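As structure tokens, the structure follows; a few thoughts come after it.
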Amino acid sequence: MSSRHYIDEEILELAKSALNKEAPFGTDIDLSAFEEAEEKDQISELSKLPEEIQKTILNAGIEVSEEGRSGSFLQLDHSVVYRRLQQRYHGQLEILDINEALEKYPEVREKYFWKAVKPDKDKYTAFSATHPAHGYFIRVFKGQKVEKPIQACLLLQENARIQNVHNIVILEEGAEVQIINGCATAPKVKEGLHIGISEFYLEKGSRLTFTMVHNWAEDFYVRPRGVTVVEDDAVFVSNYVLLKPVKSIQSFPIAILKGKNSVASFNSLLYGLKDSEIDMGSHIILEGENSGGQAISRAIVKDSAKIYSRGILEARQNLSKAHLDCRGILLSSSGMMYAVPELLSAGAPQSHLSHEAAIGPIAEEEVEYLMSRGLSKDEAISLITQGFMDVKILGLPKQLENYIQELILQTQEENI
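For what it's worth, my numbering labels the leading residue of the sequence shown as 488, then goes sequentially.
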């Protein structure tokens, strides 16, 4: 059965009321321009994928050998074609198709499904709720600390299709895990639309590091919608990396810090290339006593790309603290970057909220200094931007940090 079967009438009616509701940010998309994909067959292992697909998912952070992963999940277009949990991790966590979880666990429908993300938020959530969706369900059991990352890949293989995804992640009390989420398009895909609903629930004392690497086609549209609920002493770290051109992406995930001593951190590295329109941000809501958050963004704009970097820090609790840091480099006179930091204290006059924002070109004196040391101008610019796009802000394991750094170097070699 599809996820559509498990939606109760109240949620369905809310969604129907928003089918024509434009999102406040980002280019409005004609959903009728794209078709829904047909079902695809399962595969027995990732190495059975065509070589060009293996290369594509590798560039989105997915390890085909799976040696350094605790589990894997792959969705092609509309179909979940592969999921695997390494034998040693059985009993520590589970990875299911969202529809399997909805059928197997009534409490998932009652407590988690469409409970964090609102189905009437905009036309994209409304579409997702009123159409069949797939996606992953990941649950890490109480007290389990999973040392190897889980990897999940959402790939578009057919042109001009909609990929409708609904993901739910639950970390039970004291659990810890890293998830690498790679999203990409196959080489033959030129256009399409990805709608991704993500609902994350972090119970007391849990810790989730979620790293998303996007590698889309130049005429592709992307509309993720995510909300994370963070309970007492839990920590949520969200890392986002975009290094390839895309037609339009608009995402504004929310972290609700409900619990005492809860923490959220959003970190993003954005490379705006060609005619990309990138509208990214995060919204941290501080409700719990001693809750804290930070949002760090580093963006480089080249060609005719446009980047809107948004951030909201919202304090509802006096004993709370958060900081927003947004910095951008413009490498083109035809590119644009727009930083929009917002601080909101609602009934919390003693909360501490702060922000820094800076946009500008590379300083000529820095380039001239490096050129005086024997570097060409292009080499000097590449070295400066490499330092600016500091992967260490993501707090990744060394192996993944090195991999992301390699992707950044590759992007610079191709575009500078």
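Even for Gly, the Cβ is constructed at its ideal location relative to N, Cα and C.
In this text, all values refer to a predicted model and were calculated from it rather than measured experimentally.
- Within the DSSP secondary-structure output, ASN654 pairs in a beta bridge with SER685.
- In this structure, DSSP gives TYR599 a state outside helix and strand, which the three-state scheme calls coil.
- In summary, LEU896 is exposed, with fewer than 16 beta-carbon neighbours lying within 10 Å of its beta-carbon over all protein chains present.
- In this structure SER534 is exposed. Its beta-carbon is surrounded by fewer than 16 other beta-carbon atoms within 10 angstroms.
- In the structure shown, LYS508 adopts coil according to DSSP, grouped into three states.
- Look at GLU634 here: in three-state DSSP terms it is coil, with no helix or strand label.
- With a cut-off of 8 Å on Cβ pairs, the stretch 552-569 is in contact with the stretch 639-652, counting three or more such pairs.
- A distance below 8 Å separates the beta carbons of ILE666 and LEU695.
- In the DSSP assignment, GLY874 falls within the unbroken alpha helix (DSSP H) covering 864-875.
- By the Cβ neighbour-count rule, THR872 is buried, with 16 or more other Cβ atoms within 10 Å of its own.
- Scanning its chain for C-beta atoms nearer than 6 Å, with the 5 sequence neighbours on each side dropped, one finds around VAL700 the residues ALA547, GLY548, GLY669 and VAL728, in chain order.
- Taking all protein chains in view, the Cβ of GLN574 is surrounded by fewer than 16 other Cβ atoms within 10 Å, so the residue is classified as exposed.
- Around the beta carbon of GLN650, 16 or more other beta carbons sit within 10 angstroms, so the residue counts as buried.
- Non-local C-beta neighbours of TYR611 in its own chain, meaning closer than 7 Å and more than five positions away in sequence, comprise ALA510, ILE682, ARG710 and ARG712, ordered along the chain.
- Within the same chain, VAL878, LYS879 and LEU881 come within 8 Å of GLU888 by CB-CB distance, once the 5 residues on both sides are set aside.
- Around the CB of GLU581, 16 or more other CB atoms lie within 10 Å, so the residue is classed as buried.
- Rounded to whole angstroms, the gap between the alpha carbons of LYS747 and ASN777 is 6 Å.
- For PHE614, the closest alpha carbon among the candidates VAL722, GLU522 and GLN781 is that of GLU522.
- Across the set LEU756, ASP706 and LYS745, the C-alpha of ASP706 shows the shortest separation from the C-alpha of SER763.
- With contact defined as three or more Cβ pairs closer than 8 Å, the stretch 831-846 and the stretch 794-803 are in contact.
- Uninterrupted alpha helix (DSSP H) stretches at least 4 residues long and entirely within the stretch 666-752 do not occur.
- Note that the C-beta distance between THR514 and SER735 is below 8 Å.
- By the Cβ criterion, the stretch 828-836 is not in contact with the stretch 785-795, since fewer than three pairs of Cβ atoms, one from each stretch, lie closer than 8 Å.
- For PHE521, there is no enclosing beta strand (DSSP E), as DSSP marks it with neither H nor E.
- In the DSSP annotation of this structure, the continuous segment of the alpha helix (DSSP H) that includes VAL854 starts and ends at 851-859.
- VAL716 is a Cβ neighbour of ALA603, given a cutoff of 8 Å.
- Sequence-distant partners of LYS864 (beyond 5 residues in either direction) whose C-beta falls short of 7 Å from its own C-beta, in its chain, are VAL854 and MET858.
- When beta bridges are read from the DSSP output, GLN562 appears opposite VAL567 and LEU641.
- Closest option to GLU526, judged by alpha-carbon separation, among LYS745, TYR569 and GLY834: TYR569.
- DSSP places ALA613 in the helix class (H, G or I) of the three-state scheme.
- Between GLU553 and SER559, the alpha-carbon positions lie close to 7 Å from each other.
- Less than 8 Å separates the beta-carbon of SER749 from that of ASP720.
- In this structure, the beta-carbon distance from SER504 to ASP607 falls below 8 Å.
- Nearest Cα to LEU818 within the set ILE771, LYS808 and TYR758: TYR758.
- Residues of the same chain with a CB within less than 8 Å of the CB of ASN805, apart from the 5 flanking positions on each side, are ALA835, PRO836, GLN837 and SER838 in chain order.
- DSSP places ASN889 within a helical segment (H, G or I) once states are collapsed to three.
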